[in-house]
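Okay, structure first, notes after.
Protein chains: 2
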Amino acid sequence: MELKRADQIAETLEEAVFKGEYEDGHRLDEIKLADQFGVSRTPIREALQKLVLSGMAEQIPRRGVFVRQPGPVELLEMFETMAELEAACGRFASARMSDEGLERLARANERCRDAVDRDDSAGYYLENEAFHQEIYRGATNSFLEREALRLQNRLKPYRRVQLRFRGRMTQSLSEHEAIVDALKAGDAELAATTLRNHVTVQGEKFQQLMAGLNQ
Amino acid sequence: MELKRADQIAETLEEAVFKGEYEDGHRLDEIKLADQFGVSRTPIREALQKLVLSGMAEQIPRRGVFVRQPGPVELLEMFETMAELEAACGRFASARMSDEGLERLARANERCRDAVDRDDSAGYYLENEAFHQEIYRGATNSFLEREALRLQNRLKPYRRVQLRFRGRMTQSLSEHEAIVDALKAGDAELAATTLRNHVTVQGEKFQQLMAGLNQ
DNA sequence: ATCGATATTCTTGTATACAAGAACGTTGAC
DNA sequence: GTCAACGTTCTTGTATACAAGAATATCGAT
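These protein sequence lines map, in sequence, to chains L and Y. Using full-length UniProt numbering, the first residue of the first sequence is number 1, and each one after it goes up by one. Using full-length UniProt numbering, the first residue of the second sequence is number 1, and each one after it goes up by one.
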């Protein structure tokens with residue numbers, strides 16, 4: 001389906017905020033953006049409203065729309081929440097995932113292993129994402145799946161950095177195998193616990209890296 | 001802070017959708033709404049976009065904005081997700097809740113008991129809401145607290161009906177006491193389990209009532 | 001040089017206009 | 001009577017205009 005101009009612009013702006021092209025507190029100027037995109041202010045205003053409602057910017061009435069990059073505390077909280085959502089997905093998936101789903105999950109993890117063998121962190125990152133999305137799908141709860149995808153997407157720029165730690169890909173793969181085993185065994189608690197710990201480690205690695213950069 | 005007109009209209013429309021004033025699939029006519037609220041289409045369009053982005057309506061480009069009342073399956077999924085979010089809040093709160101917070105929680109539950117004694121389901125409903133919000137706060141994770149509040153608010157029209165079941169208030173109160181005990185004991189798993197079960201029962205009661213009405 | 005008041009400029013929120021696409025009604029053929 | 005094509009009407013998406021409020025600049029007094 002064809003997106004209207006305002007929606008296209010919203011996607012472009014969200015990507016730019018993700019990439020850090022605008023720093024925290026930057027005011028998104030309607031007139032400048034209208035010039036930049038070659039449109040009137042109306043679709044720009046509509047696009048900015050999307051950013052505000054998704055939490056990537058905040059609006060102060062009659063003052064403007066300001067970019068909001070999450071600080072370290074908020075990121076920690078988001079990773080904690082992501083860990084709990086993934087644990088919930090794992091719990092449901094352990095009972096509800098079909099045999100086909102388990103097959104796809106195992107294959108996604110094999111592609112993760114191939115990426116580790118190649119020392120390919122970009123490939124690992126993509127296959128890791130697909131691995132987790134297979135579990136969200138396996139929870140067989142569309143609402144929870146959407147919530148998990150939304151937060152996974154929100155944390156995308158930060159999830160990547162954890163792979164910079166030496167040995168993290170190998171460790172992550174090992175954790176994946178424990179997750180797959182728990183799901184195959186139909187062990188709800190084990191699936192929940194291994195997933196929660198797996199994502200918690202992601203958040204911790206991120207915090208450690210940020211702490212290192214700020215010194 | 002003073003809300004702009006568009007935001008005021010959005011709140012009014014959201015309340016109307018909550019209350020079921022618009023049935024599922026109803027097209028929200030920009031021109032009619034502009035007349036009704038005595039404004040131009042511009043703030044109406046902005047308000048409608050809020051409804052779309054919060055999931056209460058869907059937009060089909062160049063066709064219009066249509067109200068989306070969740071069906072039974074989606075409601076079940078939302079209650080399931082709510083149960084998992086509350087379990088997560090309970091897990092964190094068991095370790096992080098302050099003594100003052102535990103005091104406030106116990107007092108909120110005493111007000112629930114008073115409402116049961118009066119056979120006051122409206123009062124119970126309000127105090128029950130405050131009870132749960134105290135646990136969200138006690139999780140000491142602002143992001144998770146906002147997510148839980150958002151879904152609690154979304155499920156508001158449906159949570160109320162469960163109290164129509166005979167004996168449900170007394171049962172709910174009993175479950176509350178188990179929750180308070182688990183939090184006081186600092187038992188993360190018990191807190192999570194009792195909260196998850198408590199909210200799952202809410203969802204189940206709702207389904208049973210809907211099934212009865214549809215016959 | 002600094003500070004407060006006032007004036008000016010700029011940006012936002014809303015109103016209105018217009019083009020394009022969708023929905024609906026009418027007409028003619030079968 | 002039904003269906004397809006065409007014409008008309010209505011609604012949406014975007015452009016532009018304007019008023020109001022916020023931000024910034026300037027000027028005068030100390």
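Note that the Cβ used here is the ideal one computed from N, Cα and C, for glycine as well. Owing to the predicted nature of the structure, the values given are computational and were not obtained by experimental measurement.
Taking C-beta atoms under 8 angstroms as the contact rule, L:F143 and Y:M78 qualify, at a distance of about 5 angstroms. L:A106: member of the alpha helix (DSSP H) spanning D99 to R118, first to last residue. Ranked by how close their Cα comes to the Cα of Y:E84, the residues Y:Q202, Y:F206, Y:L213 and Y:N109 have Y:Q202 in first place. Within the same chain, Y124, E127, N128, F131, L173 and H176 come within 7 angstroms of L:C112 by CB-CB distance, once the 5 residues on both sides are set aside. Within the same chain, Cβ atoms closer than 7 angstroms to the Cβ of L:T140 are found at F92 and R96, the five residues on either side in sequence being excluded.
Among the residues facing chain L, Y:S40 is not included, as its CB has no counterpart in that chain under 8 angstroms away. The residues L190, A191 and T194, in chain order, have a CB closer than 6 angstroms to that of L:A182 in the same chain once the five nearest residues on each side in sequence are set aside.
Flagged as an interface residue toward chain L: Y:T81, by a C-beta distance shorter than 8 angstroms. In this structure Y:V180 is in contact with Y:A106, their Cβ atoms being roughly 6 angstroms apart against a cut-off of 8 angstroms. Only those residues of the stretch 119-146 of chain L whose C-beta falls short of 7 angstroms from the nearest C-beta of chain Y are listed: N141, S142, F143 and L144.
About 5 angstroms separates the beta carbons of Y:I44 and Y:L33, which is inside the 8 angstroms limit, making them a contact pair. Per DSSP, the unbroken beta strand (DSSP E) holding Y:V65 starts and ends at G64 to V67. The contact set of L:K4 on chain Y, defined by CB atoms closer than 7 angstroms, consists of P61 in chain order. With respect to chain Y, the C-beta atom of L:K50 has a partner C-beta closer than 8 angstroms. Within the UniProt domain "HTH gntR-type" (3-70) of chain Y, complete beta strand (DSSP E) segments of at least 3 residues are found at 57-60 and 64-67, given in chain order.
DSSP places L:R166 outside both helix and strand once states are collapsed to three, so it counts as coil. The continuous stretches of alpha helix (DSSP H) do not include Y:L155, and DSSP gives it neither H nor E.
In this structure, the straight-line span from the alpha carbon of Y:T170 to that of Y:L163 is close to 10 angstroms.
Contact residues of the stretch 181-202 of chain L toward chain Y are absent (C-beta to C-beta distance below 8 angstroms). Using a Cβ-Cβ cut-off of 8 angstroms, L:M78 counts as an interface residue toward chain Y, since at least one Cβ of chain Y sits closer than that to its own. For Y:G186, the closest alpha carbon among the candidates Y:D99, Y:P70 and Y:F66 is that of Y:D99. Under a 10 Å Cβ-count criterion, L:Q49 is classified as buried, with 16 or more other Cβ atoms of the shown protein chains found around its own Cβ. Between Y:A88 and chain L, the shortest Cβ-Cβ separation is below 8 angstroms.
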